[in-house]
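Here the numbering used here is used: position 89 in the sequence shown is 1208, and no number is missing along the way. Report on the following structure.
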Amino acid sequence: MTETKLAAIVMAGGLGTRMRSATPKHLHPILGRRMVDWVLQAAAPLEPLPLVVVASPESRDEFGDVAVAVQERPLGTGDAVRSARAALGDGEGDLLVLSGDTPLLTVDLLRALLETHRRERAAATVLSFEPDDPREYGRVVRGGDGRLRAIVEAVDATPEQFAIGECNSSIYAFRTEHLWPALERLRPANAQGELYLTDAVRALVDGGHSVAAHIASDPSEAEGVNSRAELAAAAATLRERINLAHMLAGATIVDPSSTWIESEVELEPDCVVFPFTVLRGTTRVAAGAEIGPHTVAVDAAIGAGAVIGPFCYLRPGTVLEARSKAGTFVEIKNSHIGERTKVPHLSYVGDADIGEDTNIAASNVTVNYPHQPGRPKGRTTIGSNVRTGVDNAFVAPVTIGDDAWIAAGAVITEDVPPNALAGFPPRQVNKEGRGGKRNG
């Protein structure tokens, strides 16, 4: 038996005016991805060919390597699907029509929808759901035999239809050879003056075609996002999914309800994440590391057994090697911290490389911003087994050699040789051979 071909489109051309934002609704970020990217991720494992995003003219360049069809004017869901026809071609097969504002959608739900669609040999199959609050979703109208008869938009529904609890998710599976003729016959005979894809479903029913409905077992997976409040609710659900997956894989998250971990973050087994911690971007946490509480890490790499926090901020480009420490009220950016090196408290380390077994004392600052406009930031290099003093500042570019000691209160503006003792305000003095390695 020949396998049925599958294509998919994601409708992402609407402006989402209820978001009260200059950013198109589908491009709003949620747990490390844009809203539409969650939908694309759910569809990708099904390997639809092609996978097309229907975008507005303003957002047509926002989708990278994904095929894009442009909906020139927002004339409704039916017009959105018609806009993708040239990109899809005229071949027969199944077409998934997805809504770009459903970030909770899962591949398992899409597989179940397709299974129902193919088992019923339907011309169209609607993904329906039964939310606790139907709000302004379109209602699924069934006949006395239980089969789908129509989908009525909430603004066009009668009071009896508005009381129906089964709702349309705006996600469908179609047989393309039946869909295109139905779309050609669409007319804007509704309160919105738009071309509804739901009217194409009604046309298929009226034409005697089999139209099925697959009810989502978890209504939240079909929920759409139309406001900032709904965006926050969807983010909370995604947070729970992400945290659960990490815990099932062996990471400890002490309080999942207060911990926000974005989608691309990697946690190895036996790491511990304490409450009120935010892990973002491509952050990686190795086995045995302890993070938080009240830590933020963005695009950081945290080595095995490292201890981070509390109240620590790791900015992009930070690498902490095994058994290192970044402690209370420490900020680190674009820096490499060697094994067993400690930055315990109240310090800023930026654009720096620090070797192994070094201790950075309290209130140390790397001063790396250029004094002259247009010059690049300087970089600070601190060697291995270095001991800095309280209230040190390192004015980059500057290099501190291995085994050096720095006196309290010193501003280091010149390189310090290995095994030297440096500082002695107000002017830096280097005393060679007086650092951490003594001959007795």
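Using N, Cα and C, we set each Cβ at its ideal position, and we do this for glycine too.
I need the boundaries of the alpha helix (DSSP H) containing THR1295, first residue and last residue. 1295-1303
Might you give, ordered along the chain, the residues of its own chain that have their beta carbon closer than 7 Å to the beta carbon of ALA1206, omitting 5 neighbours on each side? PRO1169, VAL1171, ALA1186 and ALA1188
Uninterrupted alpha helix (DSSP H) stretches inside the region 1323-1367 (no shorter than 4 residues): 1347-1367
ASP1534, DSSP secondary structure in three states: coil
How long is the line joining the alpha carbons of GLU1381 and TYR1315, rounded to whole angstroms? 35 Å
Quick one, are the C-beta atoms of ILE1283 and ARG1258 less than 8 Å apart? yes
Using a 10 Å radius around the Cβ and a threshold of 16 neighbouring Cβ atoms, would you call THR1136 buried or exposed? exposed
Alpha carbon of ILE1128 to alpha carbon of TYR1488, nearest angstrom: 48 Å
Is it right to say ARG1304 is buried, meaning 16 or more other beta carbons lie within 10 angstroms of its own, or is it exposed? exposed
According to DSSP, simplified to helix, strand and coil, what is SER1202? helix
Going by beta-carbon coordinates alone, are HIS1297 and ALA1242 separated by less than 8 Å? yes
Is the separation between the beta-carbon of GLY1132 and that of VAL1173 shorter than 8 Å? yes
Is the CB-CB distance between LEU1146 and ARG1153 below 8 Å? yes
Straight-line CA distance for GLY1559 to ARG1358? A caution first: GLY1559 carries a pLDDT of 49, below 50, which makes its placement in the model unreliable, though a value can still be read off. So the alpha carbons of these two residues sit roughly 58 Å apart.
Quick check on LEU1231: does DSSP put it in helix, strand or coil? Reading off the sequence, residue 1231 comes out as Ala, not Leu. ALA1231: helix per DSSP, three-state reduction.
Output the distance between the C-alpha atoms of MET1120 and GLY1212, rounded to the nearest integer angstrom. In this predicted model, MET1120 has a pLDDT of only 38, less than 50, meaning its place in the structure is not dependable enough to derive any value.
Can you find the residues in the same chain that come closer than 8 Å, C-beta to C-beta, to LYS1444, ignoring five residues on each side of it along the sequence? ALA1425, VAL1426, ILE1427, THR1460, LYS1461, VAL1462 and PRO1463
Compute the Euclidean distance between the alpha carbons of LYS1452 and PRO1338, then round it to the nearest angstrom. 42 Å
DSSP three-state call for THR1123: helix, strand or coil? coil
Put HIS1145 into one of helix, strand or coil per three-state DSSP. helix
Mind checking whether VAL1226 and LEU1165 have CB atoms under 8 Å apart? yes
Delimiting residues of the alpha helix (DSSP H) encompassing VAL1274: Where VAL1274 is concerned, there is no enclosing alpha helix (DSSP H), given that its DSSP letter is neither H nor E.
Using the DSSP secondary-structure output, state which residues sit across from MET1130 in a beta bridge. VAL1173 and SER1218
Of the residues GLY1265, ALA1480, GLU1234 and GLY1497, the one placed nearest ALA1526, counting alpha carbons only: ALA1480
Identify whether VAL1517 lies in helix, strand or coil by the three-state DSSP scheme. strand
DSSP beta-bridge partners for TYR1488? Bridge partners of TYR1488: none, in fact.
Kindly list the residues whose CB is nearer than 7 Å to the CB of GLU1458, restricted to its own chain and excluding five residues on each side of it in sequence; keep chain order. GLU1440, ALA1441, ARG1442, SER1443 and GLU1475
As a quick exercise: from ARG1266, PHE1293, THR1295 and GLU1255, pick the residue whose alpha carbon is nearest that of THR1277. GLU1255
Considering just the uninterrupted stretch of the alpha helix (DSSP H) at LEU1159, what are its terminal residues? 1154-1162
What residue range does the beta strand (DSSP E) around ALA1445 cover? 1444-1447
Is DSSP giving ARG1506 helix, strand or coil here? strand
Minimum length 3: unbroken beta strand (DSSP E) runs contained in the region 1366-1414: 1397-1399
Cβ-based neighbour list, ALA1322, same chain, cut-off 7 Å, excluding 5 preceding and 5 following: ALA1301 and ARG1304
Going by DSSP, what residues sit across from PHE1430 in a beta bridge? The partner list for PHE1430 (beta bridge, DSSP) is empty, contrary to what the question assumes.
Below 8 Å between beta carbons: does that hold for CYS1431 and VAL1404? no
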